[in-house]
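Student: Quick note on numbering: the sequence shown equals residues 5 to 143 in my numbering.
Beta carbons are placed, not taken as given, at the ideal position from N, Cα and C, and that holds for glycine.
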Amino acid sequence: MVQLIVGQKGKGKTKHLLDKVNNEVQNVSGNIVYLDKSTKHMYELNNKVRLIDVSTYMLSDSDEFVGFICGIISQDHDLQQMYFDSFLKIACAEDADVEPIVNRLEGISKNFGVDFILSVSLDEAEFSDSLKEKIIVSL
5 MVQLIVGQKG KGKTKHLLDK VNNEVQNVSG NIVYLDKSTK HMYELNNKVR
55 LIDVSTYMLS DSDEFVGFIC GIISQDHDLQ QMYFDSFLKI ACAEDADVEP
105 IVNRLEGISK NFGVDFILSV SLDEAEFSDS LKEKIIVSL
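1. Whole angstroms is fine: what's the gap from M86's alpha carbon to F116's?
2. What first and last residue would you give for the beta strand (DSSP E) that runs through V37?
3. Just grab the DSSP bridge partners of R54 for me.
4. How close, in whole Å, do the beta carbons of L21 and I9 come, if the pair is a contact with beta carbons under 8 Å?
5. By alpha-carbon positions, which one of I112, A129, S132, L122 ends up nearest to I140?
6. In the DSSP assignment, find the beta strand (DSSP E) that holds F120 and state where it starts and stops.
7. My guess is that V29 and Q84 are in contact by the Cβ rule of under 8 Å, so how many angstroms apart are they, rounded?
8. Under 8 Å Cβ to Cβ from L143, same chain only, skipping five residues before and after it: list those, please.
9. Relative to the alpha-carbon of D33, which residue among K93, V53, P104 has its alpha-carbon at the smallest distance?
10. Report the start-end ranges of each alpha helix (DSSP H) in the segment 50-115 that is 4 residues or longer and not cut off at the edges.
11. Could you compute how far the alpha carbon of K138 sits from the alpha carbon of I77?
12. Rounded C-beta distance between V58 and Y38? I'm assuming under 8 Å.
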């Protein structure tokens, strides 16, 4: 499953994402990974959550990002949830339509049983109807 937390930059999406991941740590039996553009939020995350600073991996487009995600999943068979902060930035999709990337993540989620929660700096009105169904928080 793919879930979206949406709203313009500076509206508080990261706080919602951090609260959600820290609450979910007690409820999941598998592993959780949190991808971000830096290590800035390292001390706000529960120590059971693996933080990955995507900027250190020199990804240049969304295809490389999806491959990167598949690589993480292939190395951790107990992975249950992945959280993406600053999704447009880390997925190299700032000037792209996010729907194809989200659809690919949905397919990966179904194949491998990993849930994705994305923080996206766009207004709800900018999403198609199929993506609006995936929005859990709109700021």
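Tutor: The answer reads as follows:
1. The residue labelled residue 86 in the question sits at position 82 within the sequence shown. The residue labelled residue 116 in the question sits at position 112 within the sequence shown. Approximately 12 Å between the Cα atoms of the pair.
2. If you number the sequence shown from 1, residue 37 lands on position 33. Residues 35-40.
3. For the purposes of this step, residue 54 is identified with residue 50 of the sequence shown, where counting begins at 1. Paired residues: V37.
4. Position 17 of the sequence shown, counted from the start, is the residue given in the question as residue 21. Position 5 of the sequence shown, counted from the start, is the residue given in the question as residue 9. With a Cβ gap of about 6 Å, L21 and I9 count as contacting.
5. Your numbering for residue 140 matches position 136 in the sequence shown. Comparing Cα-Cα distances from I140 to each of I112, A129, S132, L122, the minimum goes to L122.
6. Position 116 of the sequence shown holds residue 120. Residues 119-124.
7. Here residue 29 refers to the residue found at position 25 when the sequence shown is read from its first residue. Here residue 84 refers to the residue found at position 80 when the sequence shown is read from its first residue. Not confirmed; about 11 Å, so no contact.
8. If you number the sequence shown from 1, residue 143 lands on position 139. I9, V10, G11, Q12, K15, G16, K17, H20, listed in sequence order.
9. As a working note, residue 33 is residue 29 in the sequence shown. Reading the sequence as shown, one finds Ser at residue 33 and not Asp. Closest by alpha carbon: V53.
10. Counting whole runs of 4 or more residues, the segment 50-115 contains the alpha helix (DSSP H) stretches 66-79, 91-94.
11. To locate residue 138, count along the sequence shown from 1; it is residue 134. To locate residue 77, count along the sequence shown from 1; it is residue 73. Cα atoms of K138 and I77: separation of roughly 22 Å, rounded to the nearest angstrom.
12. Reading the sequence shown from its first residue, position 54 is the one you call residue 58. Reading the sequence shown from its first residue, position 34 is the one you call residue 38. Wrong, their Cβ atoms sit about 10 Å apart, outside the cutoff.
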